[in-house]
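This report concerns only the one structure given below.
Residue numbers (UniProt numbering): 1 to 98.
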């Protein structure tokens, strides 16, 4: 799957002006969009500002925090991403047969 969010937008958010990490950045963006789709229960939508912002924050965080161990507290998802995605989550109450 190729990311729907432009790579140039992620590079702008991260202040990256070289193409040395383009493949890695594209991978992080693709993974972020897939994660968002799984988290919300719906496919990633092109052009939705909140979903795009969540993808940029998530991909940027994963790019900057590539190691699973650090002296600082690590989170799998950065602060704010859950809040951006909350309105898109499919709300389920009670038992759902799978």
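The beta carbon of each residue, even a glycine, is placed where N, CA and C say it ideally should be.
Since the model is a prediction, treat every value here as computed from it, not as a measurement.
Exercise. Where does residue 13 fall in DSSP's three states?
Worked result: helix
Exercise. Where does residue 55 land, buried or exposed, given buried means 16+ other C-beta within 10 angstroms?
Worked result: buried
Exercise. From this set, 63, 17, 86, which residue's C-alpha is nearest residue 30's C-alpha?
Worked result: 63
Exercise. So which of 82, 58, 23 has the shortest CA-CA distance to residue 32?
Worked result: 58
Problem set entry | Start and end residues, alpha helix (DSSP H) containing residue 85 | 81–85
Problem set entry | CA-to-CA distance, residue 52 to residue 9, given in whole angstroms | 10 Å
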